[in-house]
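Report on one structure; see the data block that follows.
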Amino acid sequence: MRAAAKVAVAPFVAVLLMAAASNDPADRLPNPLQETRARALFRDIRCLVCQNQSIDESDADLAEDLRKIVRGQVAAGRSNDQIKRYLVDRYGEFVLERPAFSVGNAVLWGAPFAVVLAGGAVILARRRRALPSEAPLSAEEQARLDEISSKLI
Amino acid sequence: MTDELGAFALILALVLSVVQAGASGLARLRHDATLRGAGEGAAFGAFMAIAVAFFALMHAFVTSDFSVMNVAANSHTEKPLLYKVAAVWGSHEGSMLLWCLALTGFGGAVALFGRGLPSGLKALVVMTQGMLGMLFIGYTALASNPFVRAMTPPVEGASLNPILQDPFLAIHPPFLYSGYVGFSVVFSFAVAALIEGKVDAAWARWVRPWTLAAWSCLTVGITLGSFWAYYELGWGGWWFWDPVENASFMPWLIGTALLHSAIVTEKRGALAGWTVFLALAAFTFSMLGAFLVRSGVLTSVHAFAVDPKRGILLLGILAFAAGGAFSLFAWRAPALKGEGGLFAPVSREGSLVLNNLFLAAATLTVLLGTLYPLIRQALTGEAISVGSPYFALTFAPLMAACLLILPAGPLLAWKRGDALGALQRLWGAAALALIAALIGYFLLQPQKIFVATGLALGVWLIAGSALELVTRVKAGSAPVSESLRRLGALPRGQWGMTLAHMGLGVFVLGAAFETSGRIDAAEALSIGQSLKVGAYVLTLKGVAPNEGPNYSAERATLSVTGPHGAAADVTPERRFYPANRQTTSQVAIERHGASDLYVVVGDRRDGAKPAWLIRAYWNPWARLIFGGPILMALGGLISLSDRRLRLAAGAKRRALPQVLPEAVG
Chain A
1 MRAAAKVAVA PFVAVLLMAA ASNDPADRLP NPLQETRARA LFRDIRCLVC
51 QNQSIDESDA DLAEDLRKIV RGQVAAGRSN DQIKRYLVDR YGEFVLERPA
101 FSVGNAVLWG APFAVVLAGG AVILARRRRA LPSEAPLSAE EQARLDEISS
151 KLI
Chain B
1 MTDELGAFAL ILALVLSVVQ AGASGLARLR HDATLRGAGE GAAFGAFMAI
51 AVAFFALMHA FVTSDFSVMN VAANSHTEKP LLYKVAAVWG SHEGSMLLWC
101 LALTGFGGAV ALFGRGLPSG LKALVVMTQG MLGMLFIGYT ALASNPFVRA
151 MTPPVEGASL NPILQDPFLA IHPPFLYSGY VGFSVVFSFA VAALIEGKVD
201 AAWARWVRPW TLAAWSCLTV GITLGSFWAY YELGWGGWWF WDPVENASFM
251 PWLIGTALLH SAIVTEKRGA LAGWTVFLAL AAFTFSMLGA FLVRSGVLTS
301 VHAFAVDPKR GILLLGILAF AAGGAFSLFA WRAPALKGEG GLFAPVSREG
351 SLVLNNLFLA AATLTVLLGT LYPLIRQALT GEAISVGSPY FALTFAPLMA
401 ACLLILPAGP LLAWKRGDAL GALQRLWGAA ALALIAALIG YFLLQPQKIF
451 VATGLALGVW LIAGSALELV TRVKAGSAPV SESLRRLGAL PRGQWGMTLA
501 HMGLGVFVLG AAFETSGRID AAEALSIGQS LKVGAYVLTL KGVAPNEGPN
551 YSAERATLSV TGPHGAAADV TPERRFYPAN RQTTSQVAIE RHGASDLYVV
601 VGDRRDGAKP AWLIRAYWNP WARLIFGGPI LMALGGLISL SDRRLRLAAG
651 AKRRALPQVL PEAVG
């Protein structure tokens, strides 16, 4: 139940309801530590047939199956990375909620920070350029300033 | 009859928009006051015509006139009146009509309230607004007409999705659209300034109130939508980085940047080109959102009236309006005559530039997060997903950096500030923030770093804003009477800013605390069994049927026992809407201070004894998440009521005094 229509054009949801199907007493692992780890993993794995929902949120049959797989592998003692690799091998990178740090995603991960760096550089460059204007007054300007100051006093 | 009247009024509005654009453009060319008046009259007329069309459609919905296809597809005779009215903007066609209503409304408002504007500038603003009107009313009338009739009207309508039948959801689109489309005025001002080739302090002063108004409406709209998701979707989530949410968030972020850069342009004449750029960008993002939400290019659960053919038309409108405006910007911006006040990096201007830098980068993360999967798929055919973990790693640190410098900004002087002095004044806030961070780190579980950072930032914002106010009124250093006098003399803009910044702090506190401290529990309970969530124990007392106007429900009654003894019962429901064959969940939320106890009844599990799946969540400080943004919007409105910003004010005053020597000599 990914936030439906909500925000933007709200009134227009299509699907819905009954979220957090992931926390069902019937499915839980007996070991609470393992269950916590499985539930954290659910949030990083996308329900492939849903509209932009993780398997933690979806109640689709496929999400149910994926949760079973993840719970099973957690119970079997496999690491988070192993489980994710298993899923990526079968379903592709699309299954990960967090895109991989890869060349193909360089723009996605890098651009925002590049913008900050570039912006910072522009600000610094402008500051250098602005500096000369703070050079000492020329003789002519100094004379005019003195004239004005004398009038002020 | 009224349906034909509505259809006619829609066409009339299109014609009036053409007149508005043409007459105003000619008026600017010939400096002709009569033509200018005609253009303004047409702008007001277009608004009236769209209003007639809008109320005609509303009439069709209220009277359940199913001969209108849009009504048949989105309404039902048994639906309560409020939702019949709200269904007007519940479909693609109707929502575009609401968009046009807001667009012509703002156009009419400029024509009516912009008396102090220079005539040339005003004519160009009205002209641009008219051109936008032509595009959007043209689209509505020709490609998405809500008044299309059915040859054989159905006996009963198809109804509106039941989870949309909710008061908050029903009222949030008008706010949202006022926000989106409010930026069109700023867009028109930017186009007008580019044509005139002049951006000065006076221009920025006219732009600010419109930005404030649109930004405040958008803030309220997004907050209402988020609140709706929180209680309606059944598990207490309030933000999902869904493409459709992102579509509303991008104009908000750019609007926030614009609010701040326009201050620099108004007070110091600097950043003129950048302010114009943001003014164009804000409405461009609004249009991008309108396209994304309706075209179906992105997968979102907000699958709203997806229609690829109309999507292409909307993309065309976006390309034409934004492409034209940014081409104009590329051509004219280098020649803009700004006043270009210089400033040191450590100064009020400098801090606002940093604010803009971080907000722009944050907007880019949202834009990339929304569109990058699409781009990558088109380029390489590989599908990827971008979910909330991406935003936690990019958007969150960028905004944290922005919030970190925020309290220092108002304490720095224009032109050249004293960083050390500002930090000295803020040491109290820094100490409080540090204490909050330590408490968060050592006492709260889990996600220690996250909750500690969030609490520290929230406290830093609230205490920093309060200290800035204290500094302004010289509390402590001047006599009390003097401080009180100064407090009374503070401009409303100051109050607005302080309130908005504090509201942001309140939001950050709530978001950090709720996200890291949420507790959830779920059990299948038979009558008499209990479930523990946090400090509360819920006991199922009974489940009974409950008939509503257009649904039938199973209502569970649970008693709540907290640390302070028994509280009132809660009654979550599971509703079935026969018209749509859909089941929805009516959450029971019991507020404890700013925190919520959130209870959902799920499906029935048959065993030895019948049981119901009960889910309960403890959402600590959840109300701050929604209260904070409301404070921000309130701050915007208070700022808007400032005398100096009142619409058309300051028009006759000169922007900046002439150079000092003449004044002295």
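If you're matching them up, the sequences are chains A and B in order.
Oh and the first sequence: position 20 is 20 in the working numbering, straight run, nothing missing.
Oh and the second sequence: position 241 is 241 in the working numbering, straight run, nothing missing.
Just so it is clear, CB atoms sit at the ideal spot from N, CA and C, and this is done for glycine as well.
Establish whether the CB of proline 32(A) and some CB of chain B are separated by less than 8 Å. no
Exercise. Would a check of beta-carbon distances place lysine 652(B) closer than 8 Å to chain A?
Worked result: Unreliable positioning characterises lysine 652(B) in this predicted model, as indicated by a pLDDT of 40, which lies under 50. A coordinate reading is not provided.
For glycine 596(B), name the three-state secondary structure that DSSP assigns. The sequence shown places aspartate at residue 596(B), rather than the glycine named in the question. Strand.
task: Would you check if there are 3 or more beta carbon pairs closer than 8 Å linking the region 152–170 of chain B to the region 568–581 of chain B?
output: yes
Are alanine 204(B) and glutamate 266(B) touching if we call contact CB-CB under 8 Å? yes
Between the alpha carbons of proline 243(B) and leucine 352(B), how many angstroms are there, rounded? 29 Å
Worksheet entry | Contact with chain A by isoleucine 449(B), beta-carbon distance below 8 Å | no
- Flag serine 54(A) as yes if its beta-carbon sits less than 8 Å from any beta-carbon of chain B, otherwise no. yes
ask   = Taking 8 Å as the CB-CB limit, is isoleucine 384(B) close to chain A?
value = yes
Worksheet entry | Of the residues Val126(B), Phe8(B) and Phe450(B), the one placed nearest alanine 21(B), counting alpha carbons only | Val126(B)
- prompt: Using a C-beta cutoff of 8 Å, does glycine 119(A) count as contacting chain B?
  reply: yes
Query raised in the report: Can you list the alpha helix (DSSP H) stretches of 4 or more residues lying completely in the region 218–279 of chain B, in chain order?
Result: 243–268
Item to complete: Return no unless some Cβ of chain A is closer than 8 Å to the Cβ of alanine 303(B).
Response: Annotation note: pLDDT 49 at alanine 303(B) (below 50); position unreliable, coordinate value reported separately. Yes, alanine 303(B) counts as interfacial toward chain A.
- Query: Taking the DSSP output, what are the residues bridged to isoleucine 148(A)?
  - Reply: For isoleucine 148(A), which the question treats as bridged, DSSP gives no partner whatsoever.
Quiz item: Can you round the beta-carbon distance between threonine 557(B) and aspartate 569(B) to whole angstroms, since I take them to be within the 8 Å contact cut?
Solution: 5 Å
Notebook entry, point to check: Exposed or buried, what is isoleucine 312(B) when buried is set at 16 or more other beta-carbons lying within 10 Å of its beta-carbon?
Noted result: exposed
### Proximity below 8 Å, CB of threonine 104(B) to CB of phenylalanine 47(B)
yes
| task | Could you have a look at valine 199(B) and say whether DSSP puts it in helix, strand or coil? | result | coil
Q. Excluding the five sequence neighbours on either side, which residues of its own chain have a C-beta within less than 8 Å of the C-beta of leucine 137(A), listed in chain order?
A. Leu145
Got a sec? Which residues, its chain only, sit under 6 Å from threonine 672(B) by beta carbon, not counting five neighbours each side? An answer regarding residue 672(B) cannot be provided, because it is not within the stretch 1 to 665 covered by chain B.
- Near leucine 398(B), which residues of its chain fall below 6 Å by C-beta distance, leaving aside the five closest residues on each side in sequence? Phe358, Ala361 and Ala362
First through last residue of the alpha helix (DSSP H) which encompasses phenylalanine 576(B): Here phenylalanine 576(B) belongs to no alpha helix (DSSP H); instead the beta strand (DSSP E) covers 573–577.
Cutoff 8 Å: leucine 66(A) Cβ touching any chain B Cβ:
no
Requested in this report: Determine the DSSP secondary structure at glutamate 4(B), reduced to helix, strand or coil.
Outcome: helix
Note to self: Let me make sure I understand the geometry here. Which of Thr63(B), Ala87(B), Pro80(B) and Gly225(B) has the alpha-carbon closest to that of alanine 73(B)?
What the structure shows: Ala87(B)
Starting from lysine 667(B), trace the alpha helix (DSSP H) both ways and give me its first and last residue.
Lying before the first or after the last residue shown, residue 667(B) is absent from chain B, which here runs from 1 to 665.
task = Could you check if glutamate 97(A) is buried or exposed, using at least 16 other CB atoms within 10 Å of its CB as the buried criterion?
result = buried
Item to complete: Tell whether a beta-carbon distance below 8 Å holds between proline 146(B) and glycine 179(B).
Response: no
Run through the DSSP bridge pairs and tell me what alanine 556(B) is partnered with. Val543(B)
### Message
Measuring alpha carbon to alpha carbon, tell me which residue in Ser67(B), Ala521(B) and Arg425(B) is nearest valine 155(B).
### Response
Ser67(B)
Fill in: CB of alanine 521(B) within 8 Å of CB of leucine 531(B), strictly
yes
| said: If the criterion is Cβ atoms closer than 8 Å, does the pair valine 508(B) and leucine 432(B) meet it? | reply: no
- Given leucine 101(B), which residues of its chain have a CB within under 7 Å of its CB, disregarding the five upstream and five downstream residues? Ile50, Ala51 and Phe54
*Completely contained alpha helix (DSSP H) runs for the region 44–79 of chain B, where each covers 4 or more residues*: 69–74
>> Under 8 Å, Cβ to Cβ, is there at least one residue of chain B near arginine 85(A)?
In response: no
Which ranges would you report for the beta strand (DSSP E) in the region 88–133 of chain B if only whole runs of at least 3 residues count? none
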